[in-house]
Amino acid sequence: MAGAGQTDTQLVEGNTTETDAVAAVAIGLSAVLFALAVAAMFERVSLTGTLAGVQTVTLLGGLLTALGVAVIAFGAGSRLGYVETDPDPSAGLIAGFGAAVPWVVVGGGVASQTLGLGTAGGAVGALVVGGVAFALTVLPREDLGSTLPLGSLLTLTGLVFLTGVIGPDWVWDLGWAQTASITAEFFIPVATLFSALYGGWASAKSYGGFGARGRHMGAYVLVYLNALSIVAFLFILVAYVVVQGVPGLLTGFELGLGTGPQTTILGVSVTLPVSVPFVMNGVALLNDFQGVLPAIVGTVWLVIGAVVLAVPLGVGAAVFLTEYADRGRFTQVVEVATNGLWSTPSIVFGLFGFAFLIPRFGNGKSLLSGMITLGFMLLPLVVITSREAMLSVPDEYRDASAALGVSKWQTIRSVVLPAALPGVVTGVILGVGRIAGETAPILLTMAGGTFIPGSQTVDVIGSFQFTAAPPFVANPALLEATSALPYQLFALITAGVGLGSSVSDPNAFRWATALVLLVVVLSFYAIGIATRYYFRRRLTHT
Amino acid sequence: MSSVTDAPAGRVTNALGARLRRVREFVTETESPALAIIAAMTLSLLASLVGFLVVSDLTIVPFVVFLAAAGIGWFRYQEETAYVIALMMTVSTILILGLIIVFIFRESVPVLRYESATVLGVSVPGLRMFIQPNWDAVSPPIRYSMVPMIHGTVMVTLIASAVAAPLGVSAALFISEIAPATVREVVKPGVEILAGIPSIVYGFIGFTVLGPWASDQFQTTGQGSYLFVGIVVGLMALPTVVSVAEDALSSVPESMKSGSLAMGTTDWQTMTSITLPAAFSGVSSAVLLGVGRAIGETMAATVMLRGVPRLTEPLVNVFYGQETLTSIIARNYGEADGLQMDALFVAGVILFVTVLVISVGAQYIEWRMHEKLGGEV
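Chains A and D, in that order, give the protein sequences.
No gaps in the numbering here: position 295 of the first sequence is 317 in this note's numbering, and each next residue is one more.
No gaps in the numbering here: position 121 of the second sequence is 160 in this note's numbering, and each next residue is one more.
Encoded structure:
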């Protein structure tokens, strides 16, 4: 983006590289301030300590002041004609509101607290100062309007930090019945963060020479920063769970022939060459290492049950809606109903399962109730994604098939469904990822017990029985409460201190559970996204 | 012209008539054995539904009959059977929504009777849950007020929307309009994965990392604040906003954008004066759906909040987090019985109705947008 911007500048405006450099330095300064603010917020940089030989707060204040002065200087220089720019007559209402918001906060805070005028005085102060900032942004020419109020804000914040009015020991007791205070540890990073954002916005506008191109630059800087932050947030989140969870996951990890537990694969008894007790054990008094195997198996069965229920129902409904039904009142009602189901809170599904399913399956929490509840949650997702996939099958396919004289159902079965399969599969996998991590519905319908012994790992297939009395088929495993990973994590969190007696290192155990849950859920997503890419590539190649 | 002047009742009769005619056509066109099988399937499925509803052990009998009929139908009259099964599956989605409504409303009736209050001499059931702020399930007077939880949900939702709406719309603009193809291929799955992180994991991190940090920063007694629950829930609602808003933005016809660009505007000008206004209703329905997600978010709130159902003092004190409509259900279902359990169902009803209204509103707005953009979408 920067490269493209530079080329434009040279093409459009000739040689203005020195002033561009000033604005570019200002953008860089904002980026540094932004990074410092984030680091200070997460206590990577100590506010009371020093940074590069200077007190941190003083350094932040100095940088903010320098940025503010640079922004004002650029605006004033442009207004007086020293800098060649292309400003509009006004910075516009949106910029006006953007500049007014921080000044409202400053005005209100100063009037009510520093001057001690109380709430009413604060409101008046906020309105007056905000109004002035708004007017100063909207009324003058754009180069002044979009730099002066923001530059002064930066300079003011910087000076407040520099002079020590707000130092590292500053505390503002809000004086509320439930006590709360705003401390410097919170205020300084947050104020710096927002100031840096405003500084970056103003200097990006200056860099683009104001006008349409300046606004373009200013907006792009913020939008790119936002996208970058979201991706960074995701990475930090996942990395944090991994780092915290791996030690617990790998306690007692062994690699080598004959170390793992015995299992039967295709009728042959095999001793696995790895041993990861955390995912291969339950909890028992005599275990060397405790694990969450029952919860993993519970999650797997839960997902299988939900898929078996929801996928046929959902795909069938989608077939009817796209292929058989004419668009009308009925399809509209179904659409509203599925979208309504999609946005229904998960806890409401839990309540529904509690009221509807539990009395019908042996009056206790059971795996079966959990499966059906999650199936109901999955259903709208399957309907919506399958419908989209079927709608995107070109009508030519259907016409060509119909021209061969085959019936409608044959067309659906051998033309529409195969063509829509990639979309359906992707949708189902992503939906499964979502329900596999749901806690609230199974909380009320299925889950019991914080620690499940390994002996209680559910075996659904092995426990089907036929009985003489109705309902003739019984499966005790389906009708028992069991555990699942998300519930296990919830139970571990709420169990709190009581955990110590069963697990040697409760915290590591919790983080490891969180990691296993995250791995299970994200692998569904990874598979789903990979499937989509695979099919898309295949479709574009043929 | 006559259809305009007709009363709505007349239109309903017309529609019914058309439907009846279609059913009659279907009956005359279909062979009678196939009809018999369809009738058997329909009746046996209805019977199993009734059996299931009245908790009968014999439910399995009609269900087996249904399976048998469907099996025979599949081999002999696949065309008709497939149609009927697809229709039944479609009806089942509506049926599930109906069952949810019936069952959660039914369970909440007793406590609504208990919490009646008299207004102008008329006893209004459930009113006392909304006019006084006490929740006390243990010591008399036993009161189940929803006010503290509604307050909590409103606070959390406001903060969450303030986080999710601007960031979400901006990220949607980035993905749909700004990002180069390669960057988009990274950011878009990233946002999807963000949606996949289980809420309990967010809650766990919020509980172990954010909670102690926040209580330290704001010098509060104990941990749990609406502010941080709101921020976390906002981040969780973000992917919903992004994906729906992105759909809306990319459904703006390319010709409109190109037309604007051809006038010599910058990309950003095109976005603010063409794309965003054209997709405005879609984007606002994205924000609405995000709000719906935030209202219904349960586990993160349950784990991070204090679990004491009372109002914060003062009401704007976001540094203390007591309880929301969702978290009170998840926290209390275990020991609750009788009226208290029913009170939890009232919380569920409030949640369900609010979110359903939001969802229908969002759909209406989207539908309006599609009408406006006409055949090009």
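Yeah, the Cβ is synthetic: ideal placement off N, Cα and C, and Gly gets one too.
On a predicted model such as this, the values are computed, not experimentally measured, just so you know.
Rounded separation between residue i and residue j - CA only
| i | j | result |
| --- | --- | --- |
| VAL123/A | THR80/A | 25 Å |
| LEU55/D | GLU64/D | 14 Å |
| SER436/A | ALA424/A | 11 Å |
| GLN308/D | SER168/A | 17 Å |
| GLY165/D | ARG145/D | 14 Å |
| LEU212/D | ILE198/D | 22 Å |
| ILE181/D | ILE189/D | 19 Å |
| PHE531/A | VAL314/A | 9 Å |
| LEU151/D | ALA382/D | 8 Å |
| THR29/A | GLY230/A | Residue placement at THR29/A is poorly supported in this model, since its pLDDT is 46, which falls under 50; the coordinates still yield a value, given next. Near 12 Å, if we compare the C-alpha coordinates of GLY230/A and THR29/A. |
| LEU277/D | GLY459/A | 17 Å |
| LEU134/D | ARG332/D | 23 Å |
| VAL47/A | LYS227/A | 13 Å |
| SER29/D | ASP286/D | With chain D represented from 40 up to 416, any question about residue 29/D goes unanswered, as that position is not in the structure. |
| ILE217/D | THR141/A | 43 Å |
| ALA469/A | LEU126/D | 34 Å |
| ALA263/D | TYR359/D | Correcting the residue type first, residue 263/D is Gly in the shown sequence and not Ala. GLY263/D and TYR359/D: Cα-Cα distance of roughly 6 Å. |
| VAL34/A | ALA98/A | Here the model assigns VAL34/A a pLDDT of 47, short of 50, so the residue's position is not dependable and the matter cannot be decided. |
| ASP45/D | ARG235/A | Note on ASP45/D: pLDDT 49, under 50, position unreliable in the model; the coordinate value appears next. The alpha-carbon atoms of ASP45/D and ARG235/A are separated by roughly 57 Å. |
| SER68/A | THR78/A | 7 Å |
| ALA45/A | VAL93/A | 8 Å |
| THR584/A | VAL543/A | In this structure chain A extends from 23 to 564, so residue 584/A is not present and cannot be described. |
| SER505/A | ALA462/A | 13 Å |
Supposed contact pair residue j and residue i - C-beta distance, whole angstroms, cut 8 Å
| i | j | result |
| --- | --- | --- |
| VAL447/A | THR344/A | In fact, because the Cβ distance is near 17 Å, the residues do not count as touching under 8 Å. |
| VAL366/A | PHE169/D | Note that residue 366/A is Thr in the sequence shown here, rather than Val. That belief does not hold up - the Cβ atoms of THR366/A and PHE169/D are roughly 22 Å apart, past 8 Å. |
| GLY372/A | LEU466/A | 4 Å |
| TRP198/A | ASN356/D | 5 Å |
Where the alpha helix (DSSP H) through residue i begins and ends
| i | result |
| --- | --- |
| ILE270/D | 265-289 |
| ALA333/D | 319-335 |
| THR353/A | 351-365 |
| THR365/D | 364-371 |
| ILE456/D | Since the first residue shown for chain D is 40 and the last is 416, residue 456/D is missing from the structure and cannot be characterised. |
| GLU164/A | 164-167 |
| PRO508/A | 507-517 |
| ARG456/A | 439-458 |
| LEU172/A | 170-184 |
| ASP306/D | 306-309 |
| SER391/A | 389-413 |
| PRO353/D | Here PRO353/D belongs to no alpha helix (DSSP H), and DSSP marks it neither H nor E. |
| GLY298/D | 293-301 |
| GLY261/D | Per DSSP, GLY261/D belongs to no alpha helix (DSSP H) and is neither H nor E. |
| ARG223/D | 220-235 |
| TRP198/A | Segment: none, TRP198/A is in no alpha helix (DSSP H) and carries neither H nor E. |
Residues sharing a beta bridge with residue i, DSSP
| i | result |
| --- | --- |
| ASP175/D | ARG182/D |
| GLN77/A | THR72/A |
| VAL161/D | VAL158/D |
| ASP469/A | A small correction: the amino acid at residue 469/A is Ala; Asp does not occupy that position in the sequence shown. ALA469/A is bridged to THR504/A. |
Residue i CB to nearest heavy atom of the ligand NAP below 7 Å
| i | result |
| --- | --- |
| VAL93/A | With respect to the ligand NAP, the structure offers nothing, as it holds no ligand at all. |
Start and end residues, beta strand (DSSP E) containing residue i
| i | result |
| --- | --- |
| THR157/D | 156-158 |
| VAL193/A | 193-195 |
| VAL370/A | Taken as a continuous stretch (DSSP letters only), VAL370/A belongs to no beta strand (DSSP E), being part of the alpha helix (DSSP H) at 368-374. |
| THR205/A | 203-205 |
Short-range partners of chain A found in the segment 118-135 of chain D, where Cβ spacing is below 7 Å: For the segment 118-135 of chain D, the set of positions with a beta-carbon nearer than 7 Å to some beta-carbon of chain A reads GLU118, ALA121, TYR122, ILE124, ALA125, LEU126, MET128, THR129, SER131, THR132, ILE133 and ILE135 in chain order.
Members of the segment 401-422 of chain A that neighbour chain D once the beta carbon cut-off is set at 9 Å: Against chain D - using a Cβ distance shorter than 9 Å - the residues of the segment 401-422 of chain A are LEU401, PRO402 and VAL405.
Positions along the segment 349-372 of chain D whose CB lies within less than 7 Å of some CB in chain A: Under the 7 Å Cβ criterion, the segment 349-372 of chain D contributes THR351, GLU352, PRO353, ASN356, PHE358, TYR359, THR365, ILE368, ALA369 and TYR372.
The segment 316-339 of chain D: positions lying closer than 9 Å to chain A by Cβ: Shown in chain order are the members of the segment 316-339 of chain D whose Cβ falls below 9 Å from a Cβ of chain A: LEU328, GLY331, ARG332, ILE334, GLY335, GLU336, THR337 and MET338.
Pull out every residue of the segment 196-207 of chain A whose Cβ sits closer than 9 Å to any Cβ of chain D, in chain order. Legend: CB atoms of the segment 196-207 of chain A lying less than 9 Å from CB atoms of chain D belong to residues LEU196, TRP198, ALA199, GLN200, THR201, ALA202, SER203, ILE204, THR205 and GLU207.
Of all the residues that make up the segment 205-232 of chain A, which are near chain D by a beta-carbon distance shorter than 8 Å? For the segment 205-232 of chain A, which is checked against every Cβ of chain D, the residues closer than 8 Å are THR205, GLU207 and PHE208.
Identify each residue in the segment 364-383 of chain A for which the Cβ-Cβ distance to at least one residue of chain D is less than 8 Å, and report them in chain order. From the segment 364-383 of chain A, only TRP364, SER365, THR366, PRO367, SER368, ILE369, VAL370, PHE371, GLY372, LEU373, PHE374, PHE376, ALA377, PHE378, PRO381 and ARG382 have a Cβ closer than 8 Å to chain D.
Closer than 9 Å, Cβ to any Cβ of chain A: which residues of the segment 176-187 of chain D, in chain order? Taking 9 Å as the Cβ-Cβ cut-off, the segment 176-187 of chain D has no residue approaching chain A.
The segment 101-113 of chain A: which residues have C-beta closer than 7 Å to a C-beta of chain D, in chain order? Among the residues of the segment 101-113 of chain A, none has a Cβ less than 7 Å away from any Cβ of chain D.
For the segment 168-188 of chain A, which residues have a CB atom closer than 8 Å to at least one CB atom of chain D, in sequence order? Identification of residues in the segment 168-188 of chain A having a C-beta nearer than 8 Å to some C-beta of chain D yields an empty set.
May I ask you to list, following chain order, the residues of the segment 427-458 of chain A that have a beta carbon less than 9 Å from some beta carbon of chain D? For chain D, the residues of the segment 427-458 of chain A that bring a beta carbon within less than 9 Å of one of its beta carbons are SER429, LYS430, TRP431, GLN432, ILE434, ARG435, LEU452, GLY455, ARG456 and ALA458, in chain order.
Under 9 Å, CB to CB, which of the residues in the segment 80-101 of chain D have a partner in chain A? Answer set for the segment 80-101 of chain D: PHE91, LEU92, VAL94, SER95, ASP96, LEU97, THR98, ILE99 and VAL100.
Using Cβ-Cβ distances below 8 Å, what residues of the segment 290-305 of chain D are close to chain A? Taking 8 Å as the Cβ-Cβ cut-off against chain A, the residues of the segment 290-305 of chain D that qualify are THR304 and THR305.
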